[in-house]
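In the numbering used here, the protein residues as written are 340 to 638.
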Ligand SMILES: NC(=O)c1ccc[n+]([C@@H]2O[C@H](COP(=O)([O-])OP(=O)(O)OC[C@H]3O[C@@H](n4cnc5c(N)ncnc54)[C@H](OP(=O)(O)O)[C@@H]3O)[C@@H](O)[C@H]2O)c1
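Laid out in structure tokens, this is it:
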């Protein structure tokens, strides 16, 4: 398959590009840092610094859109919120324009989203039919999805990747948590009842390839394992996998002044379930948290 990838230099995109190369796909990666694309993948991948390189006569079978500024790293000032939007919705809009101009349209468009679309949903299960919430993170996901959907009118199959907390030591949440937990400073957040919908990176990649390759897959997919865990259970499981104990508690009042609106990302949660994947017969290699953490390379 000829595939265009955005976000291909990131934590998830890098692993994805390697998987696609292994199976013989022909890849182009759009990046602000084409030199990083070359450094990671060598000449096996074509690097584009601008989407204007997509001329109408150029054909891609698939477009996979993972670009986005990191969501939790910096305070959500008005300028930061705009950067979070531009790097997701802005790029998605540009991809749609390029698809409109393409003489031959891609067969499929996989576009990023996150389970944050369900907001702070307590312990109620959220499958793909659940409504979007109204906080900033949820609206960001919703607008990101809405920006991708116009591709359907071009005859392109659209899959929306509502991604959970992806587990692997290379990046994401586990990379940040590993050192404090290893030092015995791992802590439960607040009362620890908020639900964390996680997925091992291996299953994330398999699920992405599954929806890429199955022509009957379209619409939203929760990319989460079938067994979400409370923050308390997650904290204990991570500590156990590192042969430590997590006896500390970080109260919300201690972090709220630092995190502001972002505290919802840590002290809120949602119990997302992968109903659409399971209904189509997708099989998880790491359905349970202990096995996923064991394999995620943290210890
Ligand atoms: N990791 C998770 O657990 C998780 C969970 C839910 C959703 N997601 C979403 O999945 C996507 C990939 O996640 P990740 O963990 O791989 O993220 P990441 O490591 O932060 O990588 C993000 C990628 O987006 C590109 N990017 C960042 N800012 C950009 C900007 N201003 N303009 C254009 N491109 C920009 C970067 O590409 P260049 O620097 O090469 O341009 C980078 O490759 C993100 O959109 C993220 O929100 C991730």
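Note that CB positions come from ideal geometry on N, CA and C, so glycine has one too.
Residue i Cβ short of 6 Å to ligand 1 heavy atom set
i           : result
residue 372 : yes
residue 607 : no
residue 549 : no
residue 409 : yes
residue 351 : yes
residue 431 : no
residue 504 : yes
residue 441 : no
residue 616 : no
residue 405 : yes
residue 426 : yes
residue 453 : yes
residue 346 : yes
residue 458 : no
residue 523 : no
residue 511 : yes
Cβ-based neighbour list, residue i, same chain, cut-off 7 Å, excluding 5 preceding and 5 following
i           : result
residue 600 : 415, 475
residue 528 : 570, 589, 605, 606
residue 581 : 520, 521, 637, 638
residue 623 : 542, 564, 565
residue 352 : 344, 346, 405
CA-to-CA distance, residue j to residue i, given in whole angstroms
i           : j           : result
residue 410 : residue 455 : 11 Å
residue 557 : residue 441 : 21 Å
residue 626 : residue 396 : 43 Å
residue 574 : residue 584 : 9 Å
residue 489 : residue 354 : 28 Å
residue 376 : residue 369 : 9 Å
residue 484 : residue 549 : 19 Å
residue 372 : residue 349 : 11 Å
residue 437 : residue 453 : 24 Å
residue 663 : residue 555 : The question about residue 663 has no answer, for the chain in this structure spans 340 to 638.
residue 472 : residue 465 : 11 Å
residue 595 : residue 537 : 23 Å
residue 359 : residue 592 : 44 Å
residue 501 : residue 578 : 27 Å
residue 435 : residue 346 : 16 Å
residue 503 : residue 635 : 15 Å
residue 425 : residue 439 : 20 Å
residue 417 : residue 365 : 39 Å
residue 603 : residue 443 : 43 Å
residue 533 : residue 389 : 40 Å
residue 380 : residue 394 : 23 Å
residue 615 : residue 457 : 16 Å
residue 363 : residue 531 : 44 Å
residue 421 : residue 429 : 10 Å
residue 341 : residue 526 : 45 Å
Beta-carbon proximity list for residue i, same chain, < 6 Å, skipping 5 on both sides
i           : result
residue 305 : Nothing in the structure corresponds to residue 305, since the chain is present only between 340 and 638.
residue 543 : 505, 562
residue 432 : 486
residue 559 : 467, 499, 501
residue 343 : 367, 399, 402
residue 493 : 438, 444
residue 427 : 407, 483
residue 446 : 400
Own chain residues within Cβ distance below 8 Å of residue i, not counting five before or after
i           : result
residue 423 : 407, 408, 410, 415, 479
residue 576 : 568, 628, 629, 632
residue 621 : 545, 546, 549, 613
residue 524 : 587
residue 383 : 360, 366
residue 356 : 344, 347, 366, 368, 379, 380, 384
residue 617 : 565
(message) At 4 residues or longer, what runs of the alpha helix (DSSP H) sit wholly inside the region 517 to 602?
(response) If we require 4 residues or more, the alpha helix (DSSP H) runs fully inside the region 517 to 602 come out as 540 to 552, 570 to 580, 591 to 598.
(message) Please give me, in chain order, every unbroken run of the beta strand (DSSP E) with length at least 3 that falls completely inside the region 343 to 411.
(response) Every unbroken stretch of the beta strand (DSSP E) spanning 3 or more residues and falling wholly within the region 343 to 411 is given here in chain order: 365 to 369, 384 to 387, 401 to 404.
(request) Jot down the residue ranges of each uninterrupted beta strand (DSSP E) in the region 424 to 497, minimum 3 residues, whole runs only, in chain order. (result) Segments of the beta strand (DSSP E) lying fully in the region 424 to 497: 447 to 453.
(request) Spell out a yes or no on whether the region 454 to 468 and the region 595 to 614 are touching, meaning 3 or more CB-CB pairs, one atom from each, closer than 8 Å. (result) Between the region 454 to 468 and the region 595 to 614, the count of Cβ pairs shorter than 8 Å is three or higher; the stretches touch.
(request) Please determine if the region 509 to 519 and the region 473 to 487 are in contact, where contact requires at least 3 C-beta pairs separated by less than 8 Å. (result) Not touching, per the Cβ criterion.
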